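Working notes, beginning with the structure itself.
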Amino acid sequence: MQQRYDIAPGVLPAAVQQVFCKAQNVRGGLARLLLVGAALGAMAISSTVAALELPKPAPVEKFLGDAAIGANYKVRPTVRSDGVMRIFDVDTSYGEFSFNGVEFTKLRLHELDAAAAIEKMSKSDAFGNALGRAVFGPIKFGASLITKPADTVERSLNGISNMFDRVGAGLANNSADRDPLLENLLGVSDTQRELAVELDVDPYTDFPPLAQRLKEMAGAMAAGGLPVKAGLALVPGGVGIAVSSVATVNSAKDSLRDKTAAQVIAEVRSILLSLDVPAETTTRLVENRNFTPADLLIMARALKQLGAENTTAFVEHAANAGSRDTAFYQRRRAQILAARSTELGGIASFVTIAGQPINVTRSGRIVAAFTFDDIAWTEVQQRTFSAASVEIHRRNPGAAPVLATTGAVTPMAARAIGKLGWKIVQLKPQR
Numbered sequence: 000m001q002q003r004y005d006i007a008p009g010v011l012p013a014a015v016q017q018v019f020c021k022a023q024n025v026r027g028g029l030a031r032l033l034l035v036g037a038a039l040g041a042m043a044i045s046s047t048v049a050a051l052e053l054p055k056p057a058p059v060e061k062f063l064g065d066a067a068i069g070a071n072y073k074v075r076p077t078v079r080s081d082g083v084m085r086i087f088d089v090d091t092s093y094g095e096f097s098f099n100g101v102e103f104t105k106l107r108l109h110e111l112d113a114a115a116a117i118e119k120m121s122k123s124d125a126f127g128n129a130l131g132r133a134v135f136g137p138i139k140f141g142a143s144l145i146t147k148p149a150d151t152v153e154r155s156l157n158g159i160s161n162m163f164d165r166v167g168a169g170l171a172n173n174s175a176d177r178d179p180l181l182e183n184l185l186g187v188s189d190t191q192r193e194l195a196v197e198l199d200v201d202p203y204t205d206f207p208p209l210a211q212r213l214k215e216m217a218g219a220m221a222a223g224g225l226p227v228k229a230g231l232a233l234v235p236g237g238v239g240i241a242v243s244s245v246a247t248v249n250s251a252k253d254s255l256r257d258k259t260a261a262q263v264i265a266e267v268r269s270i271l272l273s274l275d276v277p278a279e280t281t282t283r284l285v286e287n288r289n290f291t292p293a294d295l296l297i298m299a300r301a302l303k304q305l306g307a308e309n310t311t312a313f314v315e316h317a318a319n320a321g322s323r324d325t326a327f328y329q330r331r332r333a334q335i336l337a338a339r340s341t342e343l344g345g346i347a348s349f350v351t352i353a354g355q356p357i358n359v360t361r362s363g364r365i366v367a368a369f370t371f372d373d374i375a376w377t378e379v380q381q382r383t384f385s386a387a388s389v390e391i392h393r394r395n396p397g398a399a400p401v402l403a404t405t406g407a408v409t410p411m412a413a414r415a416i417g418k419l420g421w422k423i424v425q426l427k428p429q430r
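For the sequence shown, numbering that gives the first Met the number 0 assigns the number 0 to the initial residue and increments by one for each residue that follows.
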C-alpha cells in the first residue's frame, strides 16, 4: 500500500510542494524515496534562503551608559529591538514613557534633565527672592502626566521600522485633518524661547513634562521682570544639565531664540524653494505637526548644506512622518547626510528606490545611508532589501550599492545583505 503524506497548501513553498506531490504519485520505493529526498533538499535550500532572526534584547548601559539614570527618570535595564531601532521603557516622575530609537531617547532624556533643572530653579531661595516670592508665590507645576509605554506591535504600525517597510507605497498625510501648525505655536513667548535655548532644548517641544514647565517658568520670569540668564545664575551649583550632542539646538540657537515660529517657517520655505522643492510639498511638510519648527529649520539647513539634486524626493517622504520619533529620525538623517557626504563619495542627488529616498554619488554609485540603531535580518529587512536590490539592478545592471549605517549589523543580516550584492559601510555616529 502506498503511503501518502498530506501537506496543507501554503505550508511549503510552491516549488517544494510540486516535488512532494510528484513523489506521492510515483510507484516504486526507490523512485519515491529519491523524489522525497529532493523535496526535503529543496526545503532545506528554501529554509536557508528564508532564514530570519529575532532581534535580541540588550542591556541599557550599552546604549546610554551613565545617562540611563537621571534626577527624575530611570531607564529600564533591558532594551528591546524591532529589527532596526531600539525601544526604551522609561520610568519618570511624570509617569511611564516608551521611546523609539537611541538618538530619540537621548533627546527625551535631555528634555527630562531640562525639566529637572527648571524645577531646581523654582525651589531656589535666591531665585524666589529675586522673583519676588511674596508677590508671585512659588511656582506650582501641574499634575503628573501619565503615558503608558506603547506596545511593540502597535509601535511597529507607526514607527521607523514601518516607514522602512513601506516598499514603494504612498503614505497618507497625517496632518491633513489638523489645524494649521502656526495657530498653535505663535503663543510661545520670547522668554520661553530664550529659556529653552539657554537649556539647549527645543522651545517648541511637544514633550509634556518639559513643555509645561518651560511655559510656566517663562511666564513667572517675564511677570517678575527677571532676565533668563540672571535667573539661571542664581541657582546654587548651576542647573546641572549636560549638553547632549543629539539633542542640541546649538546650530540654530540664534534663530530659535530671536525669531517667532512664523519667521522660522518662512526661512524653511525659502530654503526648500531654493532647492526646487514644490510649494505644495513644502506646505505638507511644515503642516505636519510631528515636526517642530526647530526640527524643520535644522533639517532644511542640512539639506541646503547637502545641496543634492531632487531634494524633493527626501522632503516628500519626510512629509509623511506619522509619529514624533519618525519626524526626528528624518531630521537626524538629513544632518548625517550633510555631515558625511564627502565620506560617502560626494552625494549628488536623491533617487527613490523601493519607497525610500536614497542617494547617488558623483561617481554614480548608489548609497543608502540610514541612522539605524542596529539591523537584524527580520522579515521587514528581507522584504525591503530584496525589493530594493531588484529595482537597483533593473535600473543599473551590475551595480554594487552601499548600505551606510550608524548602527551595528548582525552577522546574519550582513551575510544576507552581502549576498544581495550590497557593500556595508559603518558610519560613526555624529558628535
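Don't be surprised by glycine CBs; every beta carbon is placed ideally from N, CA and C. All values reported here derive from a predicted model rather than from experimental measurement.
Relative to the alpha-carbon of residue i, which residue among the options has its alpha-carbon at the smallest distance?
| i | options | result |
| --- | --- | --- |
| L51 | L284, I423, R414 | R414 |
| L53 | V389, G397, A398, I374 | I374 |
| F371 | V263, V59, N99 | N99 |
| I352 | D112, L402, Q304 | L402 |
| I297 | T247, Q211, E315 | T247 |
| P226 | E197, N249, P208 | E197 |
| D112 | A66, D81, R331, E95 | A66 |
| T310 | T404, T281, A221 | T281 |
| A293 | A222, A114, V187, R212 | V187 |
| V74 | G345, D324, K105 | K105 |
| G354 | S92, A70, V314 | V314 |
| V83 | A387, I335, W376 | W376 |
| I357 | R332, Q381, L108, T190 | R332 |
| K303 | A337, A260, T404 | A337 |
| D275 | A222, E308, I264 | E308 |
| G321 | R288, A301, A299, I335 | R288 |
| T360 | A399, R393, Y328, F327 | A399 |
| S80 | G224, G131, A407, P235 | A407 |
| G223 | T190, V200, P235, R212 | T190 |
| G344 | A318, N395, A195, V424 | V424 |
| D90 | K55, P208, E118, Y203 | P208 |
| G69 | A116, R85, P56, K55 | A116 |
| L305 | I335, S92, G218 | I335 |
| Y93 | V101, G131, A210, V200 | A210 |
| L200 | T405, M216, K252 | The displayed chain sequence assigns Val, not Leu, to residue 200. Of T405, M216, K252, the residue nearest in Cα terms is K252. |
| A216 | S121, I391, L233 | Position check: residue 216 holds Met in this sequence, whereas Ala was assumed. Of the candidates S121, I391, L233, the one whose C-alpha sits nearest the C-alpha of M216 is S121. |
| L95 | R107, V101, R393 | It is Glu, not Leu, that sits at residue 95 in the sequence shown. The shortest C-alpha separation from E95 is found at R107. |
| R300 | R256, R212, S250, K258 | S250 |
| K427 | A412, T404, H392 | T404 |
| P202 | A229, K228, R256 | R256 |
Which residues does DSSP pair with residue i in a beta bridge?
| i | result |
| --- | --- |
| Y72 | G69, T91 |
| V424 | A403 |
| N128 | Note: N128 sits in no beta bridge, so no partner. |
| A57 | V78 |
| S269 | Beta-bridge pairing links S269 to no other residue. |
With a 10 Å radius around its C-beta and 16 neighbouring C-beta atoms as the bar for buried, classify residue i as buried or exposed.
| i | result |
| --- | --- |
| K147 | Only weak support is given to the placement of K147: the predicted model assigns it a pLDDT of 47, under 50, and the question is left unresolved by the model. |
| P410 | exposed |
| G167 | Per-residue confidence for G167 stands at a pLDDT of 44, beneath the threshold of 50, marking its modelled position as unreliable; the derived number appears in the next sentence. Exposed, since its Cβ has fewer than 16 Cβ neighbours within 10 Å. |
| T341 | exposed |
| P58 | exposed |
| W421 | buried |
| R339 | buried |
| G417 | exposed |
| D124 | exposed |
| R330 | buried |
| V379 | buried |
| N128 | exposed |
| L272 | exposed |
| A30 | At A30 the pLDDT is 43, less than 50, meaning the model places this residue with poor confidence and gives no usable figure here. |
| R192 | buried |
| G363 | exposed |
| E110 | buried |
| N319 | buried |
| A317 | buried |
| E102 | buried |
| E286 | buried |
Along the chain, where does the beta strand (DSSP E) containing residue i start, and where does it finish?
| i | result |
| --- | --- |
| L402 | 401-404 |
| V83 | First-last for V83: undefined, no H or E at that position. |
| V350 | 346-352 |
Could you give the first and the last residue of the continuous alpha helix (DSSP H) run that contains residue i?
| i | result |
| --- | --- |
| K105 | 101-121 |
| K61 | 60-63 |
Which ranges does the alpha helix (DSSP H) cover as unbroken runs of at least 4 residues, wholly within the region 271-339, from first to last along the chain?
Taking 4 residues as the minimum length, the alpha helix (DSSP H) runs contained wholly in the region 271-339 are 278-285, 292-305, 310-317, 323-339, in order along the chain.
Quick one: complete beta strand (DSSP E) runs, 3+ long, within the region 180-267?
Within the region 180-267, no complete beta strand (DSSP E) run reaches 3 residues.
Any chance you could list the beta strand (DSSP E) runs of at least 3 consecutive residues sitting entirely within the region 357-422, in chain order?
DSSP runs (the beta strand (DSSP E)) wholly in the region 357-422: 365-369, 401-404.
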